[in-house]
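Under UniProt numbering, residues 1 to 362 are what the sequence shown spells out, in order.
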Amino acid sequence: MSQTVRGVIARAKNAPVEVVPIIVPDPGPGEAVVKIQTCGVCHTDLHYKQGGINDDFPFLLGHEAAGTVESVGPGVTEVAPGDFVVLNWRAVCGDCRACRRGRPQYCFATHNAKQPMTLEDGTTLSPALGIGAFIEKTLVAAGQCTKVDPAARPAAVGLLGCGVMAGIGAAINTGNVQRGDSVAVIGCGGVGDGAIAGAALAGATTIIAVDTDDRKLEWAKGFGATHTVNAREGDVVEAIQGLTGGFGADVVIDAVGRPETWKQAFYARDLAGTVVLVGVPTPEMKIPEIPLLDVFGRGGALKSSWYGDCLPTRDFPMLTELYRQGRLDLDAFVSEEIGLEQVEEAFTKMHRGDVLRSVVVL
């Protein structure tokens with residue numbers, strides 16, 4: 001039997017979000033209903049609200065979530081009622097060409113719940129990243145639920161569901177940062193600081209944080225940045241080269257996702273170095289004009305990072321354990337805990353750069 005719960009929707013482009021009753025159906029085959037405990041306010045949710053992802057309004061916002069499985073549908077074996085889980089937005093299929101080649105982190109046929117959640121008048125909602133977790137209970141594909149240590153703080157480990165994982169994975173999985181490497185990270189929000197934390201975990205010895213906000217640069221030091229560069233105060237490429245013996249960094253991670261920052265990343269890396277794009281561009285953005293000879297002559301790799309190229313079943317439990325051991329400070333990403341009614345205010349704080357993450361606690 002379906003349930004009626006409270007959730008946060010964006011009804012139209014740039015309209016203030018609303019807390020409204022939402023109908024959540026019982027789980028069908030391969031599905032699970034999860035009672036949400038916490039959900040981070042991610043910049044991707046703001047993109048949905050602004051119409052920057054698509055125009056499938058109304059959206060059920062929220063996706064960086066932790067909670068407890070309440071019920072499961074027929075055929076579900078991955079999780080059971082009572083399991084503490086972090087939600088992910090890449091439930092792998094196990095049968096596409098990437099999965100068959102042993103690369104499920106690149107699954108080309110990821111899936112979500114098949115049944116819709118709706119408003120009371122029957123209007124179908126589009127869940128953000130196939131999750132929709134600014135809500136008391138949500139319906140997801142069972143494969144979107146990853147079991148982690150239930151002793152972990154939900155507000156902290158829930159952030160592994162998107163931004164923090166994207167950043168850590170951009171450094172460790174996509175960028176393949178090695179011990180002794182030099183790394184520069186452009187953009188020090190939640191994703192960028194995740195990349196800094198990932199570079200530190202991997203053993204990078206020089207970690208350069210780049211941003212235009214001195215507050216964010218100060219926060220970045222807490223995640224492992226050894227040097228900071230304020231992009232308003234000089235040439236970013238020259239500054240990174242100056243901190244790496246004149247050569248450039250081994251790995252440069254663009255956590256902003258704009259043509260100008262990608263171009264900075266391209267030229268701020270050493271010969272045979274790696275550029276990782278993990279910041280999400282908008283549809284109209286184009287790769288800046290760069291001589292093809294420079295692409296050839298500098299060698300190395302230009303990569304995009306999908307969700308930190310993570311495999312949730314592998315990475316979420318491992319990072320949760322590092323958090324429990326005190327080796328990964330996920331608590332530092334949590335700027336404040338709020339209620340559902342404060343999501344609109346949290347978007348404003350995010351836009352001003354006042355927080356790394358506001359986290360909704362239910």
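Glycine is no exception: its CB is placed at the ideal position from the N, C-alpha and C atoms.
Between the beta-carbon of VAL92 and the beta-carbon of VAL79, is there less than 8 Å?
No, the pair does not count as a contact, with Cβ atoms beyond the cut-off.
So GLY7 and GLU136 are in contact, right, with Cβ under 8 Å, and what is the actual spacing, rounded?
Sure, about 7 Å apart at Cβ, within 8 Å.
Assign GLN325 to one of three DSSP states: helix, strand, or coil.
If DSSP states are grouped into helix, strand and coil, GLN325 belongs with coil.
Could you name the residues that DSSP lists as bridge partners for ASN230?
Partner(s): ASP211.
If we count the other Cβ atoms within 10 Å of its Cβ and call it buried at 16 or more, is ALA66 buried or exposed?
Answer is buried; the Cβ neighbour count reaches 16.
Are ASP254 and ALA231 touching if we call contact CB-CB under 8 Å?
No, the Cβ-Cβ distance between ASP254 and ALA231 is not below 8 Å.
Do GLY167 and GLY192 come within 8 Å of each other at the CB atom, strictly closer than that value?
In this structure, GLY167 lies closer than 8 Å to GLY192 by Cβ.
Using the beta-carbon count (16 or more within 10 Å), is ALA265 buried or exposed?
ALA265 comes out buried.
To which residues does DSSP link LEU139 through a beta bridge?
BP columns for LEU139 point to VAL33.
With DSSP run on the structure shown, which of helix, strand or coil describes GLU260?
Helix at GLU260.
Could you tell me the alpha carbon to alpha carbon distance between ASP270 and ASP250, rounded to whole angstroms?
Each residue's Cα considered, the two are about 6 Å apart.
For SER304, which residues from the same chain have a beta carbon less than 6 Å from its beta carbon, with the 5 sequence-adjacent residues on both sides left out?
Cβ within range, chain order: LEU277.
Taking the continuous beta strand (DSSP E) assigned at ILE22, which residues delimit it?
Unbroken beta strand (DSSP E) run through ILE22: 18-24.
Only counting runs of 4 or more residues, tell me where the alpha helix (DSSP H) segments fall wholly within the UniProt domain "Alcohol dehydrogenase-like N-terminal" (28-148), in order along the chain.
Counting only runs of 4 or more, we get 43-49 and 97-100.
Just to confirm, are ILE9 and VAL17 a CB contact at a threshold of 8 Å?
Contact flag set, yes.
Runs of 4 residues minimum, wholly inside the region 181-211: which ones carry the alpha helix (DSSP H) assignment?
Those alpha helix (DSSP H) runs which fall completely within the region 181-211 and span 4+ residues are 190-202.
Residue range of the beta strand (DSSP E) that ALA225 falls in?
Here ALA225 belongs to no beta strand (DSSP E), and DSSP marks it neither H nor E.
Using the Cβ count rule (16 or more neighbours within 10 Å means buried), how would you classify residue 405?
Because the chain in this structure spans residues 1 to 362, residue 405 falls outside the shown range and cannot be described.
Whole angstroms are fine: how far does the CA of CYS107 sit from the CA of ILE53?
Taking the straight line joining both Cα atoms gives about 21 Å.
Suppose you measure from the CA of GLY169 to the CA of GLY198; what does that come to, to the nearest Å?
Cα to Cα, GLY169 sits roughly 7 Å from GLY198.
Give the single residue among ALA32, THR138, VAL86 and ARG103 whose Cα lies nearest to the Cα of LEU61.
That would be THR138, whose Cα lies nearest to the Cα of LEU61.
Among the residues of its own chain, which have a CB less than 6 Å from the CB of residue 404, if the five just before and after it don't count?
The question about residue 404 has no answer, for the chain in this structure spans 1 to 362.
How far does the beta strand (DSSP E) with ILE9 in it extend, from its first residue to its last?
Taken as a continuous stretch (DSSP letters only), the beta strand (DSSP E) holding ILE9 covers 3-10.
Please name the residue, chosen from PRO154, GLN105, TRP89 and PRO259, that lies closest to VAL140 on a Cα-to-Cα basis.
Measuring from the Cα of VAL140, the nearest candidate turns out to be TRP89.
Rounding to the nearest angstrom, what Cα-Cα distance links HIS227 and GLU218 in this structure?
Answer to the nearest angstrom: the Cα atoms are 10 Å apart.
What are the partner residues of LYS303, as DSSP defines its beta bridges?
For LYS303, which the question treats as bridged, DSSP gives the partners VAL276.
For TRP306, tell me which candidate among GLY161, ALA156, GLY28 and VAL41 has the shortest Cα-Cα distance.
The shortest Cα separation from TRP306 among GLY161, ALA156, GLY28 and VAL41 belongs to GLY161.
Would VAL236 and ALA268 be called neighbours here (beta carbons separated by less than 8 Å)?
Yes, these two residues count as a Cβ contact at 8 Å.
Roughly how many whole angstroms lie between the Cα atoms of LYS49 and THR206?
Taking the straight line joining both Cα atoms gives about 37 Å.
Between which two residues does the beta strand (DSSP E) containing ASP309 stretch?
Unbroken run through ASP309: none, as it is neither H nor E.
Less than 8 Å between the beta carbons of ILE208 and ALA184, yes or no?
A contact, by the Cβ cut-off of 8 Å.
Between which two residues does the alpha helix (DSSP H) carrying ILE290 extend?
Run containing ILE290: none; DSSP gives neither H nor E here.
Expressed to the nearest angstrom, what Euclidean distance is found between the alpha-carbon atoms of GLN115 and ILE186?
Going by the C-alpha atoms only, they are around 39 Å apart.
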